[in-house]
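Undergrad: Before I ask anything, here is the structure I am working with.
Residue numbers (the working numbering), protein chains in the order written: chain A, 3 to 334; chain B, 3 to 334; chain C, 4 to 258; chain D, 4 to 258.
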C-alpha cells in the first residue's frame, strides 16, 4: 500500500521497548514492604518534566489524593495521558495558573469535560490558551497504547481513528496488514514515567484487587516505569494469597503503596461511596471566577497538609456516610 | 527493512477480521438459556473439517468430556490448536487409527508430550506418520494469535520465535516496526471454528467463572466462532451478577453450556480435584500396544455413552474423593 | 392523546429502533435513557455495554458517568475498556448510541474544537470512546438538539467518522466494512441517510413539524426520504415508564 | 563430606546461581526443584513464574505440570499465559530455566523433531513456552544430562534460540538486546559461554570429573574458561532441604 499516512501530532514518550526493558529490568521488588505516605510517594517518584498517567475512569476510582499532592508540591512541566480524565484532569489543570505551568503536554482522548456535569472552565482556559501541546486520541487508542507497552511491544494494530482529523492530529500511523493487506492503524506504545492508580485493596508489597471495572488499569499498571498505588484499605499478603485469581496488579509492578481511605473522593468508588455531586458542582462553579477559585484552592488544597484534612473540610464522616448510602442503594 | 522473512508453514485458518465480523455479528444471545448435553453440543457444533481449539493447559482444566465425545462421534478431518495440549491432544490422536483420520492439521506449540509424564506413543505415531500437516509455534505465539482474534485485529506484533526454525516452519511474518524500525514478529489472528473450555462455574446463559489461572481462555473464548463451555457446576445468573468482576467469559460469547462435574478428569481442576496420575500413566502404557489400546478405548470411550460412565469405570466417587484430598492437601 | 415534551418524543422514538436481542454501546444522558426505556418496554434482552467496562448491567438509575458504579451494577461482567472496545472491533456491537455534537451531512461528528486546533476558540472533550464506537459498531445512532450551530455543512474538526466523504469512503479509509451512520434523532425529526449519496435525509417529522422548519434549523441541504412519515408519538405506557422508572428525577427529560 | 548423586550436585550448583530478589521463569522437573531449593535456602525473595500463569506461589510440592494447581498455590497472582509472557517481553524476568533438550555450541536448543520435519523419525513436543522464555528473559539457564546425543554440533531443528550463529546474531534477528544463554548445568560440569565467540565453554568440573571426560561426552569442541574450577559440592544443609522439603518422593533426585 503506497499511500500510508502518519498523524502529525507530537510523540511525547519513547515507544521503544528496548529502552523500556532496561528500566523494567530494575523493577523487581515482589516481596518488599512499600508502604509510604502520599506526600513522600509524590515527592520521591514525580520529577518535574515527567509524563504522568492516572487510573480509573472519569471521576470513578481515581487517585484524588495523589492529584492534590502533585498540585500542592507544585510539580511543573508534566505530560499527561487523558483517557476520560475528568476531575483528575480538572485538579491538575489548576496548576496552570498565574504563570505556573503544571501541565505542558497532553495526550487527549477525553479532557476538560466532566461528562454529564459539563465542562471545566479552568481546564478550558488552559487548553484554549495554546500553552499546552496536545496530541489527539480516542479512549480505545490510549488503552491500546498502554496495552502495547504492557506487552513490551512497540505498537498495537487497531481499526478505529482512521479517516478522521483525530487521526491527523494523533501520533499514530497507518500500516498495511502483512497478512490481509488491509489498511490498519498502528498506535505507539505509551510508557508513562509514573502512574497513580487507586484500588480497593492492596497488600504492603503492592498486590492489588479492584472491585468492578478495571478500565485500563491492568495494562496501565504494567506499562508504567514507576507506579504509585493508593488503596482504600491495606490487607495482608496472606489474604491476597487466598484468592490469587482476584489479584489485578502484581507486586513486582508496584513502587509505592499508600493507604488512602476515601482516596477517590469526590469521585465514586464502587461498593464504597458514590461521587459527591454537590462538591463536584462547586468545583465547576468556582472555576468561573479566578479569585473565587484561588480562595477555593487555598481552602481545600494549598491550605491543608494532607488529603484527610480535605475530606474533613468536605463534611468528613457525615458526608461519607451519605455517599455510602447512595452507593449501596443506587435505586434511591 | 528489505530482508523481511516469512515462515513457510501452512496457514490453516483465515486471519481476516472482516470475515470474522460477519460471523460474530450473529452471536448475540446474552440472555438465552444454552444448557444442553455434551453429546448434543458436539453433534450440533462440530462439523467434519472444522478447526478446533481446547482450553486450559496441559492436563489442567481441560474439557475431557468433549474430547471423548468428539472421538466417540467419529468426527473427521479436524484442525487443532496445540498450545500445551497434552491429554486432550492424546485423546484426539486416538482418532487417527485404522485408516480413520480425526486430526488432519495441527498448529503445534506443545503436542505429543504430557510434560513430566513422558510422550504419548499414539500421538507420536500420528505425528511421525506424515499424515497430519503441522505448523510450528510457541505457546506465547499461539496465545498472541488468540489475542489478535479476540481483539478483532488481523495480527499481533511480538518478539520471540525470531531467528529460529520454529519461525521458519510457522506461518508468521517478520515486519518492520513503523515507529522504531525494529524487526518484529507478526502472528496472524487465529479464529477457531469451535472451541471447548471447561470452567468452574457458569450460569445457563454462559457467564463463566474460573478459579486459578485463566491461561489463554479469556482470549480463546472471544476468538472462537462457536464456543462450547463445560462447567463443574451451574450457578444462577443472579449469583453471577453479585460479583460481576469475577466473570471471565461473558454470555454473548457462548453457544452451549454443558454441566459436566469432574469434566476435566483425569486432568486437574484447581480447588476441586488433582489429576489422576495412575490413569494417565495407564493411557501412556496401553498406547504402546495397538491391541491393548483398542481394548482400552473400547472399554473407556467407545463402549460408554456418556462421560459420567467413564468416570464411574475409573473409580467414580471413591477415586474422586482421593483426588479431592490430594488437591486440597497438596503438601501431602 | 397524552402531552409530552420534544425530548420525551425523541427518546421514545429512538427507543423503538432498538430491537430485542440487539447489542448497543451507549453514552450517558439521552442515549442511556433511551436504552433503559427500550429494555423496560419491548427489549428486555437488549445488551447494553459501556465503554469503561460495564456489560449488561441491571441499571438501577441513570448513570452520571459511563464508568460510574451504576454502569456495572449487577452486570453480567464488570470488565475493561479494552474488552468492550475489542468486542466492538470483533463485530459484536450492533449499535453505537452517541450524544449531541456538531454533525455534517455525512453524519461525521465534531466533539474536539471550534476554531484552530493549536489555539481553539472552544475546546471540547475530544473523542472519548465516540470515535471507537462509531468506527467499530455496525450502526451509529445520534441524538442531539436540532439547530444550525450543530448541523453544519463543514465541521471545524472531524472527531468521529460518519460516512466521511461519502459512499465507500469508510472502507477506503480502512474502517470495518458495512458500518456507518444509521439514524439521527432530534427534537424536530428523525433523519436517516440516502443509500446512494450517504447524505442525511429526513425520514419522519415529529407531529406538527414541517420539513421547512427542519431545513431552517439545519446548516446544510437536507434530503427527504421517498415517503416522509410523521413520527409516531409516545404512548401512555412509554411515557409512564420513562417518567416513573427511567428518569424519575428528570435529569434528562427535565421536569 | 556427604555423599550425593550427580543430579543432586547439579541441582545444588544451579540453585546457588539464583540470587535473592531475582525473577525466574521455570519449567517442570529439575529447574523447578532448583528454584524451590534456592527459595528455601538462600533466596526467599526469588520470584518464580510459570508460563501458564502462576506468579510467586508458595510451592507446596513439586508440580507435575507447569499449569497444575501447585504452580499457583497461594500465589501472589494466578494470571494468564499472556500476562506472564508479556512480563518477560517487557524485560522483567531475569532467568529462563529450561530442561533437557538437544543443544549446540551456541546454546541453541531442539525440542521439536529428529530427522525431517514433514516425516520425522522422532516427534518431540515442540517449543512449548521454551522459545518465548529463551527469547525474552535476560539469561537462559539449561539443565540436561551430558551425552553426545544431546550435545551436538548441528541441531536437527533449531526450536529455541541460544546465541543463534554467534555474537550479535540475536539482535540482528530482532530478539531483545542483551539476552541469551547464561549457563548449562549437567551431571558432569557447569558450562558458560565465551564472551568473544559466544561458544560454550567449561567453567567448572564436578568433583572427580576431568575435562577430557566432558569433551568425550560432547559432540562438539568445548572451550575452557581461563580458570576452570571444581564445582563446589552440595553441603549437608542443601541436601537436607532438597531431600526432605523439595523432593521428598524423589521424583527428580530419584531415591
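In this text, a Cβ means the ideal position worked out from N, Cα and C, and glycines have one as well.
The model shown is predicted, which means the values in this text are computed figures rather than measured ones.
1. Using Cβ-Cβ distances below 9 Å, what residues of the stretch 30-53 of chain B are close to chain C?
2. Taking CB distances under 8 Å as the criterion, tell me whether residue 223(D) reaches chain B.
3. Which of helix, strand or coil does DSSP assign to residue 176(B)?
4. With 16 other CB atoms within 10 Å as the buried threshold, where does residue 200(A) fall?
5. Terminal residues of the continuous alpha helix (DSSP H) containing residue 42(B)?
6. In whole angstroms, give me the CA-to-CA distance for residue 7(C) and residue 314(A).
7. For residue 87(C) versus residue 58(C), is the C-beta spacing smaller than 8 Å?
8. In whole angstroms, what is the alpha-carbon distance linking residue 225(B) and residue 193(B)?
9. For the stretch 191-199 of chain C and the stretch 225-238 of chain C, state whether three or more C-beta atom pairs, one from each stretch, are separated by less than 8 Å.
10. Is the beta carbon of residue 297(B) sitting closer than 8 Å to the one on residue 84(D)?
11. Between residue 208(D) and residue 156(D), what straight-line distance do the alpha-carbon atoms span, to the nearest angstrom?
12. Give me the Cβ distance between residue 66(A) and residue 304(A), rounded to the nearest whole Å; I'm assuming they're in contact under 8 Å.
13. Run the CB neighbour count on residue 319(B), radius 10 Å, all protein chains shown included, and call it buried at 16 or more, exposed below.
14. Residue 74(C) CB to nearest chain B CB: under 8 Å?
15. At the level of alpha carbons, what is the spacing between residue 18(A) and residue 151(A)?
16. Output needed for residue 214(B): all residues of its chain with C-beta closer than 6 Å, excluding positions within five of it in sequence on either side, in chain order.
17. Please state whether the Cβ-Cβ distance between residue 37(B) and residue 72(B) is less than 8 Å.
18. Give me whichever residues DSSP pairs with residue 98(A) in a beta bridge.
19. Are the beta-carbon atoms of residue 233(B) and residue 279(B) separated by less than 8 Å?
20. Can you tell which of 283(B), 258(B), 256(B), 257(B) has its C-alpha closest to the C-alpha of residue 374(B)?
21. Can you tell me whether residue 28(A) is buried or exposed? The criterion is at least 16 other CB atoms within 10 Å of its CB, across all chains shown.
22. Using a Cβ-Cβ cut-off of less than 7 Å, give me the residues of the stretch 76-97 of chain C that come near chain B, in sequence order.
23. Could you have a look at residue 220(B) and say whether DSSP puts it in helix, strand or coil?
24. Express the C-alpha separation of residue 135(A) and residue 221(B) in angstroms, rounding to a whole number.
25. Where does residue 15(A) land, buried or exposed, given buried means 16+ other C-beta within 10 angstroms?
26. Anything in chain C within Cβ reach of residue 176(A), meaning under 8 Å, just list it in chain order.
27. Skipping 5 residues on each side, what residues in its chain have a beta carbon closer than 7 Å to that of residue 189(D)?
28. Measuring CB atoms only, is the stretch 161-178 of chain B touching the stretch 154-173 of chain D, in the sense that at least three cross pairs come out at less than 8 Å?
29. Return the chain-ordered ranges of every alpha helix (DSSP H) run that is complete within the stretch 52-134 of chain D and spans a minimum of 4 residues.
30. Quick one, which residues of the stretch 178-210 of chain D are near chain A if we go by CB-CB under 7 Å, in chain order?
31. CB residue 171(B) to CB residue 138(B), shorter than 8 Å?
32. Does residue 236(C) come out as helix, strand or coil in the three-state DSSP assignment?
33. Counting pairs of beta carbons, one from the stretch 116-126 of chain C and one from the stretch 124-131 of chain A, are three or more of them closer than 8 Å?
34. In whole angstroms, what is the alpha-carbon distance linking residue 175(C) and residue 40(D)?
35. Please state the DSSP three-state secondary structure of residue 27(A).
36. With distances taken Cα to Cα, identify the nearest neighbour of residue 88(B) among 100(D), 102(D), 69(D).
TA: From the atom records:
1. 30, 31, 32, 33, 34
2. no
3. strand
4. buried
5. 40-47
6. Residue 7(C) and residue 314(A): Cα-Cα distance of roughly 45 Å.
7. Result yes, Cβ atoms of residue 87(C) and residue 58(C) sit closer than 8 Å.
8. 5 Å
9. Result yes; three or more Cβ-Cβ pairs closer than 8 Å.
10. With contacts defined as CB atoms closer than 8 Å, residue 297(B) and residue 84(D) fail to qualify as a contacting pair.
11. 21 Å
12. Contact flag wrong, Cβ pair sits at about 15 Å.
13. exposed
14. no
15. Residue 18(A) and residue 151(A): Cα-Cα distance of roughly 9 Å.
16. Exclusion of the five residues before and after residue 214(B) leaves 272 as the residues of its chain whose Cβ lies within less than 6 Å of its Cβ.
17. no
18. In DSSP, residue 98(A) forms no bridge with anything.
19. no
20. It is not possible to answer for residue 374(B), since the shown part of chain B is limited to 3 through 334.
21. exposed
22. 77, 78, 79, 80, 81, 89, 92, 93, 94, 95
23. helix
24. 37 Å
25. buried
26. The answer, in chain order, is 177.
27. 13, 147, 148, 149
28. Contact holds: three or more Cβ-Cβ distances are below 8 Å.
29. 84-93
30. 179, 180
31. yes
32. coil
33. yes
34. 60 Å
35. Residue 27(A) sits in coil when the DSSP states are folded into three classes, being neither helix nor strand.
36. 69(D)
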